[in-house]
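Novice: Residue numbers (numbering that gives the first Met the number 0), protein chains in the order written: chain A, 0 to 439; chain Z, 0 to 465. Beta carbons: idealized from backbone N, C-alpha and C, even for Gly. Keep in mind it's a predicted model, so treat the numbers as computed, not measured.
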Amino acid sequence: MKYDKFFALAKEAGIQEAELYISQKYEISVSLFHGEVDNNSVSNGFTILARGSYNGKFGMASCDVWNAEKAAFLVKEIVANAKVIENEDPVFIFKGSEKYNKINYFNKNLALIPLEDKLAKLYELEKALRDYDKRIVEVQTVEYSENANSITLINTNGLKLVQKSNHYSYVGVVAAKEGNQAKTGFEVMFDNDFSKADMKLLAKKIGEKAIQQLGGEACDSNTYKAVLSPDVVSDLVRFYVGHASAEEVQKRSSLFIGKVNQKVASSKVTIEEKPLSRNLFARWFDDEGVATKNKFIIKNGVLQGYLYNLTTAHKDGVASTGNGYIGGGKMDVDLGFLAVRPGKKSQDELFAEIGDGVYITEVSGLHSGMNPQSGNFSLQSTGFLIKDGKKGRGLDLITVSGNIVDLFKDIQAVGSDVKVFPSAVSCSSVMIKKIIVSGK
Amino acid sequence: MISKKLAIDVLNESLATGADYAEIFFEDSTYYATSLENGKVETSSSGSACGVGLRLLKENQCVYGYTNDLSKKGLFDLANSLNKSFHSERLITVKKLDMIRSKNRNPVANSYDGIRREEKIALLKEGIAEIEKGKDPRIVRHLAHFINNHRFVAIFNSKEKWFKRESEFGRLVFNVIAADQNGFETAFEGPGCQQDISYFKTKIDVVKLARKTVDTALKMLTAKECPSGKMPVVIGNGWGGVLFHEACGHALEASSVAKGLSCFSNKIGEMIASPIVSAVDDSTIPQAWGSIDIDDEGNLGEKRILIKNGKLMDYMVDDFNGRRMGRSGNGACRRQNYRYCPTSRMSNTYIANGKSTPEEIIAATKLGLYTVGFNGGSVDPSTGEFNFGCSEAYIIRDGKICEPVKGATLIGHGDEILKKIDMVGNDLDLGQGMCGASSGSIRTNVGQPTIRISEVTVGGRGGELK
Chain A
0 MKYDKFFALA KEAGIQEAEL YISQKYEISV SLFHGEVDNN SVSNGFTILA
50 RGSYNGKFGM ASCDVWNAEK AAFLVKEIVA NAKVIENEDP VFIFKGSEKY
100 NKINYFNKNL ALIPLEDKLA KLYELEKALR DYDKRIVEVQ TVEYSENANS
150 ITLINTNGLK LVQKSNHYSY VGVVAAKEGN QAKTGFEVMF DNDFSKADMK
200 LLAKKIGEKA IQQLGGEACD SNTYKAVLSP DVVSDLVRFY VGHASAEEVQ
250 KRSSLFIGKV NQKVASSKVT IEEKPLSRNL FARWFDDEGV ATKNKFIIKN
300 GVLQGYLYNL TTAHKDGVAS TGNGYIGGGK MDVDLGFLAV RPGKKSQDEL
350 FAEIGDGVYI TEVSGLHSGM NPQSGNFSLQ STGFLIKDGK KGRGLDLITV
400 SGNIVDLFKD IQAVGSDVKV FPSAVSCSSV MIKKIIVSGK
Chain Z
0 MISKKLAIDV LNESLATGAD YAEIFFEDST YYATSLENGK VETSSSGSAC
50 GVGLRLLKEN QCVYGYTNDL SKKGLFDLAN SLNKSFHSER LITVKKLDMI
100 RSKNRNPVAN SYDGIRREEK IALLKEGIAE IEKGKDPRIV RHLAHFINNH
150 RFVAIFNSKE KWFKRESEFG RLVFNVIAAD QNGFETAFEG PGCQQDISYF
200 KTKIDVVKLA RKTVDTALKM LTAKECPSGK MPVVIGNGWG GVLFHEACGH
250 ALEASSVAKG LSCFSNKIGE MIASPIVSAV DDSTIPQAWG SIDIDDEGNL
300 GEKRILIKNG KLMDYMVDDF NGRRMGRSGN GACRRQNYRY CPTSRMSNTY
350 IANGKSTPEE IIAATKLGLY TVGFNGGSVD PSTGEFNFGC SEAYIIRDGK
400 ICEPVKGATL IGHGDEILKK IDMVGNDLDL GQGMCGASSG SIRTNVGQPT
450 IRISEVTVGG RGGELK
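Here it is, written out as structure tokens:
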């Protein structure tokens with residue numbers, strides 16, 4: 000069914016302007032356990048989010064089946080939701096940006112490669128992991144998945160935008176054991192060019208992650224100089240940059256209030272939002288239909304500006320920065336692909352420079368151990384001691400604590416070991432002045 | 000809803016290539032969410048989720064898919080895309096579907112469908128009035144939410160059975176953000192249940208709840224940073240059960256146990272905890288947040304004794320993972336919605352009451368940490384390594400609760416922590432949370448009485464505990 004029916008019903012019901020955000024996702028995944036297919040799935044998902052302005056207030060409703068009955072449901076719910084809204088914020092259904100920098104990151108060849116070829120690599124990955132080291136006692140899972148996604152934005156102001164993307168990923172998880180100590184290793188590779196699927200390299204990364212942690216024990220509780228791995232930086236950077244959201248600033252719950260053009264990080268830190276990168280995170284329009292652009296958020300430690308959607312931009316009398324993304328049942332302010340600008344030093348050079356300290360490779364429990372508002376964190380971690388400028392013994396059962404703004408101010412060097420993460424972050428290792436470690 | 004006849008046809012199409020089990024999971028649910036920010040309704044949204052998940056099993060292989068195309072063609076296309084995974088002769092033909100009936104332990108007297116948004120907003124505003132009353136200028140932002148969900152599920156399977164289940168739940172949340180020159184702190188309260196709105200009007204004191212949220216945020220704003228290192232920790236009742244949920248509960252799910260991937264695999268009958276610890280996962284508590292009458296594959300909900308006096312008694316098991324364990328499921332198979340393949344999950348999981356009073360536990364602790372508010376946590380079931388974050392905690396000195404501290408994270412190995420529980424209180428309570436795992440985000444209760452752990456590694460920024 001076409002979407003005209005919805006727009007006609009909306010008009011009849013007195014909805015002045017309306018918009019549909021249609022997301023379609025096709026996904027297949029196959030996982031192996033002990034050399035046999037364990038789980039596979041095929042899914043074809045569809046979600047429609049409808050927004051409409053009714054007497055100057057926004058109502059929002061969603062559904063995942065499209066027929067006349069659901070179109071009527073959306074209209075009814077938009078009106079009922081709009082009627083109870085009390086905040087006075089202006090509402091916008093966008094007419095369109097003057098210019099869009101369209102990015103096409105859809106590789107039609109990916110779907111043409113036979114599934115057998117894709118699975119052959121999965122078996123190769125499982126075998127490579129089994130053979131990696133005799134201390135690997137179990138290959139818990141290896142999984143191939145492939146996605147094709149499309150986003151369509153269509154509204155009563157004549158806007159119709161469509162963006163498609165696809166990618167595949169290989170994931171592996173292993174358990175390694177030595178004595179009574181068990182450790183797991185996990186890594187993922189993703190792309191949409193199948194020729195880049197290198198299972199030997201992936202197996203090496205997964206195997207190394209598990210094996211290297213064996214033999215670790217807690218270090219003394221103390222404050223240490225530290226190198227944080229790209230994995231750790233990728234986990235922390237979104238919490239940090241999230242404070243540049245104009246919504247958080249306007250609602251007085253940001254750590255960056257009044258900090259534009261001021262130092263919020265060490266001068267070694269430059270962070271860009273690059274939604275126009277040619278990768279699977281590319282977005283050339285945001286969820287309001289505003290053209291996105293690559294921009295500096297923090298340049299040499301200085302905050303360049305806040306991030307806006309249409310509503311927060313109107314309040315501050317500026318233009319939207321193309322950061323309107325749907326989240327939590329409303330049009331929120333969010334970020335696309337983030338890139339932390341790399342430095343020139345290798346990780347080994349960072350270790351040498353630090354002399355004695357800790358190298359933190361992973362943190363977990365961010366949803367409970369990170370207070371996004373205060374930026375204070377205390378996180379379960381793994382890593383290594385750094386002794387005499389070299390990576391030393393493993394660290395087990397420790398936590399690292401600090402404040403995220405202090406941490407970015409304490410960065411003394413950024414490494415050259417760039418890694419791109421599924422969380423839409425590109426970053427490398429960083430060397431910091433101090434971090435509090437709880438151990439023995 | 001799809002007809003029984005169509006369900007039989009889709010099951011038979013799915014089984015054509017030799018699957019030994021097929022199951023259709025139909026879902027039609029609606030949700031409503033209203034949020035107030037600083038006292039004004041900021042967002043109101045609602046939606047419907049409707050789709051079919053189809054699961055085929057053959058020995059130890061599971062194939063899953065879902066679609067929003069509920070036409071005969073849409074469902075047959077899905078069946079044919081999934082049954083391609085198998086290549087043998089048909090084993091089963093479904094000829095009929097008999098309905099399984101179950102006791103409805105979670106009836107909602109007055110459906111939320113008939114409750115106007117304004118009524119929920121008025122309820123939230125009672126609490127907001129308390130927050131705004133003589134408002135402390137350090138309260139910079141406050142949010143209040145009411146969420147309710149009405150879910151209809153029908154499952155048809157190749158055992159020639161079908162059943163339907165209708166459930167509703169509601170949740171009310173207050174979230175307060177306080178700030179001073181030193182930074183921000185937040186506090187959160189969010190009771191929920193499978194009962195109608197009268198529960199929130201009569202059983203929950205909304206004003207008191209809002210006051211508590213404000214008081215906690217302000218108290219934590221001025222609290223010192225939590226000390227770090229190893230120390231005795233007393234964990235308060237109710238939400239404190241998130242420790243057991245993370246440290247042990249996940250590792251007792253068949254999804255990791257069946258493949259030998261859990262630190263508790265093959266340990267039935269062994270002492271895995273201190274002899275004063277007994278623990279339960281109970282899907283049958285009437286109208287509780289995590290209760291289910293029938294699980295997401297048609298097995299009746301059960302009360303599972305997981306640990307009795309320290310000895311491991313049982314796991315949470317679903318039929319598919321049960322195949323590797325040589326047993327059937329025990330009503331613990333769950334999923335967020337039709338988009339997720341179901342697996343073994345927790346429901347209402349708690350450590351049972353012991354003999355000490357909470358006062359005795361505090362009094363018996365010379366120097367340690369007392370934690371009463373929690374943010375949640377996570378675990379790696381195969382290593383047992385867990386973490387959980389505390390939102391409200393105090394130092395215990397000479398058997399007395401003293402200064403508040405913030406930013407505490409507890410870490411350890413689940414199998415070791417269970418053995419270090421040296422006091423169990425008699426004040427069991429449950430707390431409502433959302434649990435995320437491979438089959439999505441589901442409602443679970445965590446729970447426990449006040450307990451003491453003789454030694455835990457505590458992460459914090461406050462230096463050594465003195």
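Classify C401/Z as buried or exposed, calling it buried when 16 or more other Cβ atoms lie within 10 Å of its own Cβ.
Specialist: Along the second sequence, one-based indexing puts residue 401/Z at 402. With fewer than 16 other beta carbons inside 10 angstroms of its own, C401/Z counts as exposed.
Novice: Quick one: which chain A residues come within Cβ less than 7 Å of G376/Z?
Specialist: Taking the second sequence and counting its residues from 1, the one referred to as residue 376/Z is at position 377. Those are G364, S367, listed as they occur along chain A.
Novice: So the alpha helix (DSSP H) P229/A belongs to, where does it begin and stop?
Specialist: Working through the first sequence from its first residue, we reach residue 229/A at position 230. From DSSP, the alpha helix (DSSP H) with P229/A extends over 229-240.
Novice: At the 8 Å Cβ level, is G241/A part of the contact set with chain Z, yes or no?
Specialist: For the purposes of this step, residue 241/A is taken as residue 242 along the first sequence, with counting starting at 1. G241/A is outside the set of residues whose beta carbon lies under 8 Å from a beta carbon in chain Z.
Novice: Can you grab the Cα-Cα spacing for the pair H366/A / F387/Z, in whole Å?
Specialist: Here residue 366/A is taken as the residue at index 367 of the first sequence, counted from 1. Here residue 387/Z is taken as the residue at index 388 of the second sequence, counted from 1. Taking the straight line joining both Cα atoms gives about 9 Å.
Novice: Any residues in the stretch 168-185 of chain A with a beta carbon nearer than 7 Å to a beta carbon of chain D? Which ones, in chain order?
Specialist: Checking the listed chains, one finds no chain D in this structure; the protein chains it contains are A and Z.
Novice: With 8 Å set as the bound, which would you pick, yes or no: does the beta-carbon of D379/Z sit closer than that to a beta-carbon of chain A?
Specialist: Position 380 of the second sequence holds residue 379/Z. Yes, its Cβ sits closer than 8 Å to a Cβ of chain A.
Novice: Just the C-alpha distance for E188/Z and N174/Z, rounded to the nearest angstrom, thanks.
Specialist: Taking the second sequence and counting its residues from 1, one reaches residue 188/Z at position 189. Taking the second sequence and counting its residues from 1, one reaches residue 174/Z at position 175. C-alpha separation (whole angstroms): 7 Å.
Novice: For F263/Z and V378/Z, what's the separation of their Cα atoms in angstroms?
Specialist: Locating residue 263/Z in the second sequence gives position 264, counting from the first residue. Locating residue 378/Z in the second sequence gives position 379, counting from the first residue. Their backbone Cα atoms lie some 13 Å apart in a straight line.
Novice: Spell out the partners DSSP gives T470/Z in its beta bridges.
Specialist: In the structure displayed, chain Z extends from 0 to 465; residue 470/Z sits before or after that span and is not available.
Novice: Mind checking whether T342/Z and S437/Z have CB atoms under 8 Å apart?
Specialist: In the second sequence, the residue the question calls residue 342/Z occupies position 343. In the second sequence, the residue the question calls residue 437/Z occupies position 438. Their beta carbons are under 8 Å apart, which means T342/Z touches S437/Z by this criterion.
Novice: Given a limit of 8 Å on CB to CB distance, which residues of the stretch 50-78 of chain Z reach chain A?
Specialist: Listed by position, the residues of the stretch 50-78 of chain Z near chain A (Cβ gap below 8 Å) are G50, N59, Q60, C61, V62, Y63, G64, Y65, T66, N67, D68, L69, L77.
Novice: Whole angstroms is fine: what's the gap from Q249/A's alpha carbon to K310/Z's?
Specialist: By 1-based counting over the first sequence, the position of residue 249/A is 250. By 1-based counting over the second sequence, the position of residue 310/Z is 311. Looking at the two C-alpha atoms, the distance is approximately 54 Å.
Novice: What residues are listed by DSSP as bridge partners for V41/A?
Specialist: Numbered from its first residue, the first sequence carries residue 41/A at position 42. V41/A pairs with I27/A, G64/Z.
Novice: Assign K126/A to one of three DSSP states: helix, strand, or coil.
Specialist: For the purposes of this step, residue 126/A is identified with residue 127 of the first sequence, where counting begins at 1. The answer is helix: DSSP assigns K126/A an H, G or I state.
Novice: Tell me which same chain residues have a C-beta within less than 6 Å of the C-beta of A222/Z, skipping the five on either side of it?
Specialist: In the second sequence, counting from the first residue as 1, residue 222/Z sits at position 223. Contacts found: P403, V404, K405.
Novice: Compare the C-alpha of V41/A against each of S144/A, K75/A, Y169/A, F57/A and name the closest.
Specialist: Position 42 of the first sequence, counted from the start, is the residue given in the question as residue 41/A. Per the Cα distances, S144/A.
Novice: Using beta-carbon positions only, say whether N389/Z and L409/Z come within less than 8 Å of one another.
Specialist: Residue numbering aside, residue 389/Z sits at position 390 when the second sequence is read from its first letter. Residue numbering aside, residue 409/Z sits at position 410 when the second sequence is read from its first letter. Note on residue identity: the sequence assigns Cys, not Asn, to residue 389/Z. Their beta carbons are under 8 Å apart, which means C389/Z touches L409/Z by this criterion.
Novice: In chain A, which residues lie less than 9 Å from L122/Z when you measure between Cβ atoms?
Specialist: Along the second sequence, one-based indexing puts residue 122/Z at 123. Ordered by position in chain A, no residue passes the 9 Å Cβ test against L122/Z, which lies about 13 Å from the chain.
Novice: Using CA coordinates, which residue listed in K158/Z, G113/Z, V316/Z is at the minimum distance from E167/Z?
Specialist: Counted from its first residue, the second sequence places residue 167/Z at position 168. Comparing Cα-Cα distances from E167/Z to each of K158/Z, G113/Z, V316/Z, the minimum goes to G113/Z.
Novice: Any idea which residues DSSP pairs E361/A with across the strands?
Specialist: Here residue 361/A is taken as the residue at index 362 of the first sequence, counted from 1. Paired residue(s): T381/A.
Novice: If you scan the stretch 171-200 of chain A from start to end, which runs of the beta strand (DSSP E) of 3 or more residues do you find wholly inside it?
Specialist: List check, beta strand (DSSP E) in window: 180-190.
Novice: Identify which residue in I452/Z, I91/Z, D397/Z, G46/Z has its Cα closest to the Cα of K419/Z.
Specialist: In the second sequence, counting from the first residue as 1, residue 419/Z sits at position 420. Of the candidates I452/Z, I91/Z, D397/Z, G46/Z, the one whose C-alpha sits nearest the C-alpha of K419/Z is I452/Z.
Novice: May I ask you to list the residues that DSSP assigns as paired with T382/Z?
Specialist: Taking the first residue of the second sequence as position 1, residue 382/Z is located at position 383. In the DSSP assignment, no residue is bridged to T382/Z.
Novice: At what residues does the beta strand (DSSP E) containing H412/Z begin and finish?
Specialist: Here residue 412/Z refers to the residue found at position 413 of the second sequence. 407-412 is the span of the beta strand (DSSP E), which, as asked, contains H412/Z.
Novice: Kindly identify the DSSP beta-bridge partner or partners of E391/Z.
Specialist: Counted from its first residue, the second sequence places residue 391/Z at position 392. Its beta-bridge partners are G372/Z.
Novice: I'd like to know if C218/A contacts chain Z, where contact means its C-beta is closer than 8 Å to some C-beta of that chain.
Specialist: For the purposes of this step, residue 218/A is taken as residue 219 along the first sequence, with counting starting at 1. It does not; no Cβ of chain Z falls within 8 Å.
Novice: Note down, in chain order, every chain Z residue with its Cβ under 7 Å from the Cβ of D63/A.
Specialist: Numbered from its first residue, the first sequence carries residue 63/A at position 64. By Cβ distance, chain Z contributes A48, C49, G50, N67.
Novice: Three or more C-beta pairs under 8 Å: does that hold for the stretch 225-239 of chain Z against the stretch 456-464 of chain Z?
Specialist: yes
Novice: Kindly list, in the order they appear in chain A, the residues whose Cβ is closer than 7 Å to that of F183/Z.
Specialist: Mapped onto the second sequence, residue 183/Z falls at position 184. Under the 7 Å cutoff, chain A gives S252, Q372, S373.
Novice: If you measure from the beta carbon of G367/Z to each beta carbon in chain A, is any gap under 8 Å?
Specialist: As a position in the second sequence, residue 367/Z is number 368, starting the count at 1. By this cut-off, G367/Z is not an interface position.
Novice: Does the distance from the CB of N105/Z to the CB of Q286/Z come in under 8 Å?
Specialist: Numbered from 1 along the second sequence, position 106 holds the residue referred to as residue 105/Z. Numbered from 1 along the second sequence, position 287 holds the residue referred to as residue 286/Z. For N105/Z and Q286/Z, yes; Cβs fall inside 8 Å.
Novice: Compute the distance between the beta-carbons of I196/Z and G239/Z, then report whether it is under 8 Å.
Specialist: For the purposes of this step, residue 196/Z is identified with residue 197 of the second sequence, where counting begins at 1. For the purposes of this step, residue 239/Z is identified with residue 240 of the second sequence, where counting begins at 1. Their beta carbons are not under 8 Å apart, which means I196/Z does not touch G239/Z by this criterion.
Novice: Less than 6 Å between C-beta atoms, sequence neighbours within five positions excluded: which residues of the same chain meet that for S381/Z?
Specialist: Taking the second sequence and counting its residues from 1, one reaches residue 381/Z at position 382. So the qualifying residues of the chain are L260.
Novice: Does the Cβ-Cβ distance between V332/A and E246/A come in under 8 Å?
Specialist: As a working mapping, residue 332/A is identified with position 333 in the first sequence. As a working mapping, residue 246/A is identified with position 247 in the first sequence. Result yes, Cβ atoms of V332/A and E246/A sit closer than 8 Å.
Novice: At a Cβ threshold of 8 Å, is L128/A touching chain Z?
Specialist: Within the first sequence, residue 128/A is the residue found at index 129, counting from 1. Not closer than 8 Å to any Cβ of chain Z, the Cβ of L128/A fails to qualify, so no.
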